[in-house]
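Down below is the structure, laid out as structure tokens.
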Amino acid sequence: MAARKKSSRSRAKKQKVPARVGVLMGSANDYDVMKAAEDALEGLGVGCDVRVISAHRTPERLTRFLDEAEDRGIEVVICGAGAAAHLAGVTAAHTLLPVLGVPIDSSPLQGLDALLATVQMPGGIPVGTLGIGKAGAKNAGLLAAAIIARKDPAVRAALAEFRVQQSAKVPERP
Ligand code: RP5
Numbered sequence: 001m002a003a004r005k006k007s008s009r010s011r012a013k014k015q016k017v018p019a020r021v022g023v024l025m026g027s028a029n030d031y032d033v034m035k036a037a038e039d040a041l042e043g044l045g046v047g048c049d050v051r052v053i054s055a056h057r058t059p060e061r062l063t064r065f066l067d068e069a070e071d072r073g074i075e076v077v078i079c080g081a082g083a084a085a086h087l088a089g090v091t092a093a094h095t096l097l098p099v100l101g102v103p104i105d106s107s108p109l110q111g112l113d114a115l116l117a118t119v120q121m122p123g124g125i126p127v128g129t130l131g132i133g134k135a136g137a138k139n140a141g142l143l144a145a146a147i148i149a150r151k152d153p154a155v156r157a158a159l160a161e162f163r164v165q166q167s168a169k170v171p172e173r174p
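Residue numbers for the sequence shown follow the numbering used here, beginning at 1 and rising by one.
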């Protein structure tokens, strides 16, 4: 309980940066994975709006979020979902914003089901699908920032610096 309070306090602090990326997940249980997207964006100074929105359990919450998203300044939407993961596809159907999908390894099939559900969109409504789990979520954050960086030199500089720091952390020898 104490940890939950701390986390909502720190998120309120973080919300001072205007949100440019929506980070949606089908269940609060997905947050452990999707936090990697939030962390990647925050590390680059890109604000995000993190929401639990299920395409099947809270369908109205999804359409409401997407109806308002562009007017609120959202430029990219990241969707993480597990099992019969249709959150990214349904999101893409309701918006012209770029949608990135993260398959979550929350089911007995360990994300293979979510990967296929997310990546195999029929032609016409694209979802850019990342890898399963935390690495996919992290890359979704970085890719969303790269999309924003096309028109935002500050985000581009932050991404470039991230790459420099990442390289510097790789030892020459094991
Ligand atoms: C999906 O079903 C969610 O994205 C989650 O990964 C999975 C299981 O959800 P919970 O039953 O844990 O809430 O919709």
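C-beta: ideal position from N, C-alpha, C; glycine also.
For a cut-off of 8 Å, the C-beta gap from P103 to T118 is around 5 Å, short enough to register as a contact.
A direct Cα-Cα distance of roughly 25 Å separates P122 from E70. Closest option to E75, judged by alpha-carbon separation, among F162, L41, V164 and A135: L41. Shortest gap from the CB of M34 to any heavy atom of the ligand RP5: 7 Å or more.
In chain order, the residues that have a beta carbon nearer than 5 Å to some heavy atom of the ligand RP5 are G26, S27, N29, D30, A81, G82, A83, I104 and S106. The Cβ atoms of H86 and L66 lie no closer than 8 Å to each other. DSSP places A19 in the strand class (E or B) of the three-state scheme. Membership of I147 in the alpha helix (DSSP H) is indicated by the continuous run K134 to A149. For R51, the beta-bridge partners assigned by DSSP are L24. Counting C-beta atoms within 10 angstroms of its own C-beta, R20 has 16 or more neighbours from the protein chains shown and is therefore classed as buried.
Only residues of its own chain outside the window of five on either side were considered, and among them V33 and A36 have a CB closer than 7 Å to the CB of K134, listed in chain order. A straight line joining the alpha-carbon of D30 with that of V52 spans about 9 Å. Per DSSP, the unbroken beta strand (DSSP E) holding G101 starts and ends at V99 to I104.
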